[in-house]
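Report on the following structure.
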Amino acid sequence: MSRRYRILLLPDSADSVLLYGAETWTLTNPMEKQLIGCYTRMLRMAFNVIVCSSVVVVAVVVVVVVVVIVLVVLVVLVVVIVVIVVVVAVVEVVVVIVVVVVVEVVVIVVVVVVVVVVAAAAAVVVLSCSGSCNGNNFIIYSMSAS
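Each number in this note's numbering corresponds to the 1-based position in the sequence shown with 3 added.
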């Protein structure tokens, strides 16, 4: 009749194995030693793989979390920069509109002043000059020196 044991691995146990039930057996048969040693090594390798896999999974999760946090921070920064650019652009648009309106008003005022000055000068010239028609519908003015 074969008995099954659950093997609890002990660190650095080459000749003794802690069996389920907390009973330590000393292995005397070389074949048993080899077989249990093989199983023990396989179990330790599996345990190491599980532990390493857990560490790798934790590391991957930490890296993913850090990458997500960095991406969220970058997205927030981009949104903040876009909001700042939009606000500045709106302010700049308002400033540009104000500057354009002011420049247009100044240009209109300058044009009106120039037109008024030219009209006044023309009126002065017309009033102070005697003119005659030369047949080509051009008014030829001759300044009268007075």
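All C-beta atoms, glycine included, are put in the ideal place defined by N, C-alpha and C.
Predicted, not measured: the structure shown is a model, and the values here were computed from it.
- Report the rounded CA-to-CA distance for V83 versus V104, giving the unit in angstroms. 31 Å
- Quick one: Cα of V90 to Cα of V97, how far? 10 Å
- Got a sec? Which residues, its chain only, sit under 7 Å from V65 by beta carbon, not counting five neighbours each side? none
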